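Residue 34 in numbering that gives the first Met the number 0 is what sits at position 35 of the sequence shown, and the numbering runs on without skipping anything. Glycine residues also receive a C-beta, built at the ideal position from the N, C-alpha and C atoms. Nothing here was measured: the structure is a model prediction, and the numbers come from that model.
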Amino acid sequence: MKRSVILFFIFLLISACKGNIAGKTYKIGFMICNSEKETKERFEPLIEYLKKETGYNFVLSAIDTVDFEEMYKKEQFDFTHTNSILYIILNKEYDVNLLVAEKNGIYGSKTMGTIIVRKDSNIKSIKDLKGKKMIFGPTFAPFGYVTQFDMMVREGIDPYKDLKILYQPSHSFQHEKIIYGVWFGAYDAGSAPLLDLEEMQKEGKIKLDEDFRIIAKTEIHPYCTFGYRKGLPSEVVEKVKKALLKIDKNTTVEINGEKLNIFRASKIEGFEELSDKEYDGLREILKRINFPPYQRY
Numbered sequence: 000m001k002r003s004v005i006l007f008f009i010f011l012l013i014s015a016c017k018g019n020i021a022g023k024t025y026k027i028g029f030m031i032c033n034s035e036k037e038t039k040e041r042f043e044p045l046i047e048y049l050k051k052e053t054g055y056n057f058v059l060s061a062i063d064t065v066d067f068e069e070m071y072k073k074e075q076f077d078f079t080h081t082n083s084i085l086y087i088i089l090n091k092e093y094d095v096n097l098l099v100a101e102k103n104g105i106y107g108s109k110t111m112g113t114i115i116v117r118k119d120s121n122i123k124s125i126k127d128l129k130g131k132k133m134i135f136g137p138t139f140a141p142f143g144y145v146t147q148f149d150m151m152v153r154e155g156i157d158p159y160k161d162l163k164i165l166y167q168p169s170h171s172f173q174h175e176k177i178i179y180g181v182w183f184g185a186y187d188a189g190s191a192p193l194l195d196l197e198e199m200q201k202e203g204k205i206k207l208d209e210d211f212r213i214i215a216k217t218e219i220h221p222y223c224t225f226g227y228r229k230g231l232p233s234e235v236v237e238k239v240k241k242a243l244l245k246i247d248k249n250t251t252v253e254i255n256g257e258k259l260n261i262f263r264a265s266k267i268e269g270f271e272e273l274s275d276k277e278y279d280g281l282r283e284i285l286k287r288i289n290f291p292p293y294q295r296y
């Protein structure tokens with residue numbers, strides 16, 4: 000009898016623990032892609048899918064790139080969806096671990112940075128950029144700023160000393176502003192992620208081969224990355240990971256009576272596993288250009 004009572008209480012304790020995990024709300028911090036509104040609308044179907052697939056509750060927060068580290072310290076997000084530079088910073092400073100990488104474009108979970116000019120430009124190489132006007136993405140953009148900056152310095156061009164103008168647009172849709180800025184002739188060259196060029200061509204906004212020339216390309220590296228905080232229960236991590244890897248082109252979710260395709264709504268082509276070592280190439284670049292989290296004061 001006594002043994003039965005003990006086993007009964009153990010059963011209740013285990014059930015309570017499982018119930019606490021299942022009913023808990025987990026916070027996901029998304030780095031803003033183009034705007035806060037666009038990011039929330041884009042990933043709401045993915046959040047709803049994760050809720051249904053895992054049985055957990057999730058809350059989405061859209062955070063500006065430059066504010067992400069401070070907000071992470073304040074909010075302690077359970078999961079993060081950021082570019083690869085922010086992942087490297089969060090991994091080093093706060094032990095955020097790699098979950099999965101987002102697939103998109105011809106290189107899957109990776110892409111490259113490009114330097115573009117108009118088709119009719121007389122600029123042929125990086126060395127021709129001296130004394131020219133150039134538009135870059137935000138400072139923490141791996142393929143709109145960081146990799147191109149490193150490539151230019153290694154080719155003997157210091158963007159801050161050798162360019163006539165170095166401009167970085169603010170607010171929303173910054174990568175599109177780079178591409179349009181070059182196309183309309185406001186700038187001689189632009190630092191654009193290949194993935195954005197691919198997407199704008201797919202959407203009919205540009206004709207890449209007719210409108211532009213790519214005068215330089217960086218190496219390919221990981222791009223958009225899901226991470227998770229240290230100490231998160233392994234059961235939760237594995238359930239979320241499994242759910243993300245399960246998504247394919249036919250996966251849908253119903254919101255307010257409307258069936259939405261995850262790929263189309265979130266502008267993704269799935270997720271895949273990467274090893275943290277695959278981010279080492281970017282880490283070396285950050286060290287070379289004295290950039291967080293490896294800056295030397």
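Rounded straight-line distance, which links the Cα of residue j to that of residue i
i      : j      : result
Thr217 : Phe148 : 10 Å
Asp208 : Ile156 : 26 Å
Met151 : Lys118 : 21 Å
Tyr296 : Asn289 : 9 Å
Pro291 : Phe139 : 9 Å
Ile213 : Pro221 : 21 Å
Phe78  : Val65  : 18 Å
Ser190 : Lys132 : 11 Å
Asn74  : Phe225 : The displayed chain sequence assigns Glu, not Asn, to residue 74. Spanning the two alpha carbons is a distance of roughly 17 Å.
Gly136 : Glu277 : 23 Å
Asp275 : Gln294 : 20 Å
Ile125 : Thr110 : 20 Å
Lys238 : Ser60  : 21 Å
Asp195 : Gly143 : 10 Å
Tyr55  : Glu283 : 38 Å
Phe42  : Thr53  : 16 Å
Glu257 : Gln167 : 39 Å
Ile9   : Gly230 : A caution first: Ile9 carries a pLDDT of 43, below 50, which makes its placement in the model unreliable, though a value can still be read off. Each residue's Cα considered, the two are about 24 Å apart.
Ile87  : Gly184 : 35 Å
Gly18  : Val95  : With a pLDDT of 45 at Gly18, under the threshold of 50, the modelled position of this residue cannot be trusted, and the question is left open.
Ile254 : Ile31  : 22 Å
Leu259 : Lys160 : 49 Å
Leu45  : Glu37  : 14 Å
Ile27  : Leu243 : 14 Å
Ile122 : Pro158 : 16 Å
Leu281 : Thr146 : 8 Å
Lys91  : Glu68  : 12 Å
Lys286 : Tyr93  : 18 Å
Those residues which DSSP pairs with residue i across a bridge
i      : result
Thr53  : Looking at the DSSP assignment, Thr53 forms no beta bridge with any residue, so it has no partner.
Ser60  : Gly28
Ile115 : Gly189 and Ile213
Leu165 : Met133
Leu259 : Val252
Glu271 : Ala100
Residue nearest to residue i in terms of C-alpha spacing, selected from the options
i      : options                           : result
Leu24  : Phe57, Phe42 and Arg263           : Note that residue 24 is Thr in the sequence shown here, rather than Leu. Out of Phe57, Phe42 and Arg263, Phe57 has the C-alpha closest to the C-alpha of Thr24.
Gln200 : Glu175, Met133, Leu165 and Ala215 : Glu175
Phe172 : Phe262, Asp187, Glu198 and Tyr186 : Glu198
Thr250 : Glu237, Lys238, Val236 and Ser265 : Ser265
Pro141 : Asp247, Cys32, Gly112 and Asn33   : Gly112
Lys241 : Glu257, Glu272, Phe183 and Ile261 : Glu272
Lys163 : Glu154, Leu128 and Thr81          : Leu128
Glu103 : Gly256, Cys223, Arg287 and Glu234 : Sequence inspection shows Asn at residue 103; the Glu mentioned does not correspond to that position. Taking only the C-alpha atoms, the option nearest Asn103 is Cys223.
Leu98  : Tyr106, Gly107, Ile105 and Thr81  : Thr81
Ile134 : Gly107, Asp279, Asp187 and Tyr86  : Asp187
Tyr106 : Leu193, Asn121 and Leu85          : Leu193
Ala100 : Asp161, Ile84 and Lys72           : Ile84
Tyr71  : Arg228, Ser233 and Lys286         : Arg228
Val181 : Phe211, Gly22, Lys286 and Glu154  : Phe211
Gly130 : Leu285, Val235, Tyr93 and Leu165  : Leu165
Residue i - DSSP class collapsed to helix/strand/coil
i      : result
Ile156 : coil
Ile13  : Interpretation of Ile13 is limited by its pLDDT of 45, a score under 50 that renders its predicted location unreliable; the figure taken from the coordinates is listed afterwards. DSSP places Ile13 in helix when its eight states are reduced to three.
Leu285 : helix
Lys109 : strand
Gln75  : coil
Lys1   : For Lys1, the pLDDT reaches just 49, beneath the cut-off of 50, and the residue's location in the model is therefore unreliable, leaving the point undetermined.
Lys126 : helix
Ser265 : helix
Leu6   : Since pLDDT at Leu6 reaches only 42, below the 50 mark, its modelled position is unreliable, and the value read off the structure follows with that caveat. Helix.
Thr138 : coil
Lys201 : helix
Gly280 : helix
Gln294 : coil
Gly180 : helix
**Report entry** Entirely enclosed beta strand (DSSP E) segments - the region 77-106, minimum 3 residues
**Finding:** 78-81 and 96-101
Query raised in the report: What runs of the alpha helix (DSSP H), each 4 residues or longer, lie entirely inside the region 210-255?
Result: Correct list: 233-245.
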